[in-house]
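Heads up: the sequence shown at position 159 corresponds to 272 in the numbering used here, and the numbers run straight through without jumps. Ideal Cβ placement from N, Cα and C applies to all residues, glycine included.
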Amino acid sequence: MSSWISDSTLPWHSILMLRILKCGRIPKHIAFIMDGNRRFAQKSNIEKIEGHSKGFDKLSEVLQWCLEIGVEEVTVYAFSIENFKRSKEEVDGLMDLTREKFNRLLEEKEKMKKHGLRVRVIGNKSLLSNDLAKLAAEAELMTRDNNQSLLNVAFSYTSQDEIANACNIAVQGLIDGRLENEDIDVPFMSKCLYTQDSPFPEIIIRTSGETRLSDFLLWQGCASYLHFTGVLWPELTVTDFLWAIFKYQRVAEEIDVLHKKLLSRDLTSPRQEKFIENVEAERWSTLERTLAAGD
Numbered sequence: 114m115s116s117w118i119s120d121s122t123l124p125w126h127s128i129l130m131l132r133i134l135k136c137g138r139i140p141k142h143i144a145f146i147m148d149g150n151r152r153f154a155q156k157s158n159i160e161k162i163e164g165h166s167k168g169f170d171k172l173s174e175v176l177q178w179c180l181e182i183g184v185e186e187v188t189v190y191a192f193s194i195e196n197f198k199r200s201k202e203e204v205d206g207l208m209d210l211t212r213e214k215f216n217r218l219l220e221e222k223e224k225m226k227k228h229g230l231r232v233r234v235i236g237n238k239s240l241l242s243n244d245l246a247k248l249a250a251e252a253e254l255m256t257r258d259n260n261q262s263l264l265n266v267a268f269s270y271t272s273q274d275e276i277a278n279a280c281n282i283a284v285q286g287l288i289d290g291r292l293e294n295e296d297i298d299v300p301f302m303s304k305c306l307y308t309q310d311s312p313f314p315e316i317i318i319r320t321s322g323e324t325r326l327s328d329f330l331l332w333q334g335c336a337s338y339l340h341f342t343g344v345l346w347p348e349l350t351v352t353d354f355l356w357a358i359f360k361y362q363r364v365a366e367e368i369d370v371l372h373k374k375l376l377s378r379d380l381t382s383p384r385q386e387k388f389i390e391n392v393e394a395e396r397w398s399t400l401e402r403t404l405a406a407g408d
């Protein structure tokens, strides 16, 4: 069974390219729309679920590349809420594969600790089965204290759902009297998102040739460099990845200016700060309750 972080050795020319690029600006946060698993399966004459499995294998490689080059945070679009509309056979297969991979992650506690990798599952977890929600909670709690890098797994996710959830959090704060109308501003709403305090991604990479975001990080990606490649996700190479970094570096200063101009994240009142602290505490409490359910 594949590890969450590949241990493969990069070819010498890729190591050289990586070292050269590290002399330039490296993004803190990269997001991936991992598209093309089903087309890869069709192209390779294998079952769809095997294509998705190959997609996970590629994720483990990509995580290695990101850690090697110094990226601190990675967000991957693993499963959209819209994907629940696919055939029952495919959805059930994807859920079984996800269970397998989360169980594998739980076996790799020491490896996650060695790399300092924290895993956070973002999305509408109320749509997940109890056992899968419990596995996700256990993975998050197990890696909670790892603080060198962060992997956000967007599962049962759409950006519209995320923004609606953030609005519900804010509305409940107003109803409870913990917030005032003037507290509801862009920086505050940003911290109500599933991604909370994470820096917004400097790059969003989508594979397979499609040139749309498919309801992924629409709020957080408003000033990101969008990199579209025709390569199917399971066929992505380290050269493809480094090319995306190179292309980003050519516009990095412009992206940085946009982030500073458009994406102020500072809260303006102690009341906002206290509320967000409580939201975060409740999130961890929910994970602990989910894990304890049925024990």
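Worksheet item: Which partner residues does Ser242 have in the DSSP bridge list?
Response: Counting from one through the sequence shown, the residue named residue 242 turns up at place 129. Note: Ser242 sits in no beta bridge, so no partner.
Sorted by chain position, which residues of the same chain lie with C-beta nearer than 8 Å to Phe169's C-beta, five sequence neighbours on each side aside?
-> What you label residue 169 is simply residue 56 of the sequence shown in a count that begins at 1. A distance below 8 Å between beta-carbons, with the five flanking residues on each side excluded, links Phe169 to the following residues of its chain, in chain order: Ser115, Leu210, Lys214.
Tell me the rounded alpha-carbon separation between Leu339 and Glu293. For the purposes of this step, residue 339 is identified with residue 226 of the sequence shown, where counting begins at 1. For the purposes of this step, residue 293 is identified with residue 180 of the sequence shown, where counting begins at 1. Computed Cα separation, rounded: 36 Å.
Find the nearest neighbour of Asn281 within the set Cys305, Asp296, Leu207, judged by alpha-carbon distance.
Position 168 of the sequence shown, counting from 1, holds the residue named residue 281. Distances from the alpha-carbon of Asn281 to those of Cys305, Asp296, Leu207 put Cys305 closest.
CB of Ser200 within 8 Å of CB of Leu240, strictly: Sequence index remark: in the sequence shown, residue 200 carries index 87 (1-based). Sequence index remark: in the sequence shown, residue 240 carries index 127 (1-based). Result no, Cβ atoms of Ser200 and Leu240 do not sit closer than 8 Å.
For this session: Report yes or no: do the region 223 to 231 and the region 137 to 154 share at least 3 C-beta pairs separated by less than 8 Å?
Result: Verdict: no, contact absent.
- Item | Presumed contact (8 Å Cβ cut-off) between Ile143 and Pro347, rounded CB distance | The residue you call residue 143 lines up with position 30 of the sequence shown. The residue you call residue 347 lines up with position 234 of the sequence shown. Rounded to whole angstroms, the Cβ separation of Ile143 and Pro347 is 18 Å, and the two are not in contact under 8 Å.
Margin query: Could you check whether Glu202 and Ser119 sit closer than 8 Å to each other, using their CB atoms as the reference points?
Written below: Looking up residue 119 in the sequence shown gives position 6. Looking up residue 202 in the sequence shown gives position 89. Taking 8 Å as the Cβ cut-off, Ser119 and Glu202 do not qualify as a contacting pair.
**Prompt:** For the beta strand (DSSP E) that contains Arg132, what are its first and last residues?
**Reply:** Indexing the sequence shown from 1 puts residue 132 at position 19. No beta strand (DSSP E) contains Arg132, which is instead part of the alpha helix (DSSP H) from 125 to 134.
Practice item. Excluding the 5 residues preceding and the 5 following Phe354 in the sequence, name in chain order all residues of the same chain whose CB lies nearer than 7 Å to its CB. Key: Residue numbering aside, residue 354 sits at position 241 when the sequence shown is read from its first letter. Cβ neighbours of Phe354 beyond the five flanking positions: Val175, Trp178.
**Request:** In the DSSP assignment, find the beta strand (DSSP E) that holds Tyr338 and state where it starts and stops.
**Result:** To locate residue 338, count along the sequence shown from 1; it is residue 225. Here the beta strand (DSSP E) through Tyr338 covers 338 to 341.
- Message: Does Glu419 pass the burial test, meaning 16 or more other C-beta atoms within 10 Å, or should it be called exposed?
- Response: This structure cannot speak to residue 419, because the chain is shown only from 114 to 408.
Legend entry - DSSP-derived helix/strand/coil call for Val184: In the sequence shown, residue 184 corresponds to position 71, counting from 1. Assigned with DSSP and collapsed to three states, Val184 falls in coil, not helix or strand.
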